[in-house]
Amino acid sequence: MVNGAPGSAWASVIGGDREQERQLLGTPAEHDDSPLTEAHLFDLASLTKLFTAVSALSLVDDGIIDLDAPVSEHLEIRSGSGAGEATLRQLLTHTAGLPADHPGWRTERRDEALMRDVLATELVAPPGQRHLYSDVGFILVGRLIECAAGRSLENLIEERVSGPLGAGTLTFRPDPRSAVATETQPHRGPVRGEVHDELAHALGMPVGHAGLFGTVDDVAAFATMILDEGAGALGKVLSQRSARLMTEASVLAEGYVQAAGLRAREHSWMGRADALGHTGFTGTCVALSPAARRFGVLLTNRVHPSRDDADIAGIRRAFVGRICAA
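Read in order, the letters of the sequence shown correspond to residues 161 to 486 in my numbering.
Here it is as structure tokens:
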């Protein structure tokens, strides 16, 4: 454990308008005793969804996609009643009626064959009627913006997000020597420098729900941009309107309120703090307090070497409490 958290590595930044507090503790892997540095790349897991959402909203800003038009205008996806009417807004707020995940990684299907299966996922509710946090939905966001822009998701994130953010080390293709290890999985062995998420790994390509690797400063650049209403360190990322869509929680979910990408007041890991944020399965999280103009990024590899006994909800609550205490 590092700083009371499961795993071998801990990187955190708490910042605001006037100060920044940083911690780098532990090692990149259980059997790698080199010290963790600010250049080490963590598997961000579901924090990938935030960068995918920013890419999508930047296309909305440029008039390439209509937030409330049926996504079937660009991409034929899903099956079931009303599938053709689902919108980008519904995908970003997890209200498109899609299930949480897709079991295809357990089969022999891989790459584009598996992607075709994911794109044809049956809806479990009519669009707009139910909130259900969905990895499938953000895989579809990634493919949608590729089709609309005629660019790969990897290029879109690089050009529209990491570039103007000044988050130049964000990548889907890390050097394993610079990556922090995650889990030793029965079917893969030790995972380091490859995406931990089983579905993303089976798809074998950059996708919208998981797979980005980044440093603590890369994620801090995202948080700062949200607090600055779309302004990145090296240029404009989003319009103020689109940045606010990521913070204006309007969809009631189970235990929190959902905005476009971010969640608000999720008591399971935020405690009673009035905060916005998101978590990743590997042990990552980002939280923001717009009222206090403060943010915090906590990256751990809690699933290393195993996801057993790897609960860090209490550590996250204490961390978010410090952000919102000012």
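Idealized CB from N, CA, C, for every residue including glycine.
Item	Value
Find out if the Cβ-Cβ distance for the pair Val379, Leu201 is shorter than 8 Å.	no
Can you list, in chain order, the stretches of the alpha helix (DSSP H) that have 4 or more residues and sit fully within the stretch 342-418?	358-363, 376-387 and 400-405
For Glu272, report the span of its alpha helix (DSSP H) as first-last.	Asp271 to Leu279
Opposite Cys445 in the DSSP bridges: which residues?	Thr439 and Leu458
Alpha helix (DSSP H) containing Ser215: first to last residue?	Thr208 to Asp221
Quick check: the stretch 209-222 against the stretch 393-413, are at least 3 beta-carbon pairs closer than 8 Å?	yes
DSSP three-state call for Gln183: helix, strand or coil?	strand
Alpha carbon to alpha carbon, what distance is there between Ala205 and Ala165?	17 Å
Tell me whether Ser449 is buried or exposed, calling it buried when 16 or more other Cβ atoms sit within 10 Å of its Cβ.	buried
For Arg423, write down the residues that DSSP places opposite it in a beta bridge.	Gln418 and Gly437
The beta strand (DSSP E) that contains Val301, what's its start and end?	Run containing Val301: none in the beta strand (DSSP E); it sits in the alpha helix (DSSP H), Asp295 to Ala309.
Could you name the residues of the same chain whose beta carbon sits closer than 7 Å to that of Gly288, not counting the 5 residues immediately before and after it, in chain order?	Gln250 and Thr255
Assuming contact is defined by CB atoms lying nearer than 8 Å, are Val463 and Thr442 in contact in what I supplied?	yes
Looking at the structure shown, is Glu245 part of a helix, part of a strand, or coil, going by DSSP?	helix
What would DSSP say about Arg205, mapped onto helix, strand or coil?	Note on residue identity: the sequence assigns Ala, not Arg, to residue 205. The answer is helix: DSSP assigns Ala205 an H, G or I state.
Looking at the structure shown, is Pro336 part of a helix, part of a strand, or coil, going by DSSP?	helix
What's the gap between the Cα of Ala451 and the Cα of Ala341?	35 Å
For Leu459, which residues in the same chain have their Cβ closer than 6 Å to its Cβ, ignoring the five residues on either side in sequence?	Ala171, Phe202, Val376 and Thr444
Give the range of the alpha helix (DSSP H) segment to which Gly474 is assigned.	Ala473 to Cys484
In chain order, what residues of the same chain have a beta carbon less than 8 Å from the beta carbon of Leu330, not counting five sequence neighbours either side?	Phe211, Ile317, Glu318, Val321, Ser322, Leu372, Phe373, Gly374 and Asp378
Roughly how many angstroms separate the alpha carbons of Glu181 and Ala360, rounded to a whole number?	33 Å
The beta strand (DSSP E) with Ile225 in it runs from where to where?	Segment: none, Ile225 is in no beta strand (DSSP E) and carries neither H nor E.
Reducing DSSP to helix, strand and coil, say where Val284 ends up.	coil
Tell me where the alpha helix (DSSP H) around Asn315 begins and ends.	Leu313 to Ile317
At the 8 Å Cβ level, is Leu292 part of the contact set with chain B, yes or no?	Of the protein chains in this structure there is only one, and it is not chain B.
Shortest alpha-carbon distance to Ala189 belongs to which of Gly328, Ala362, Ile472 and Thr344?	Thr344
Check the C-beta distance from Arg270 over to Ala362 and give it rounded, since I have them as a contact under 8 Å.	6 Å
For His347, which of Gly310, Trp265 and Leu398 has the nearest alpha-carbon?	Trp265
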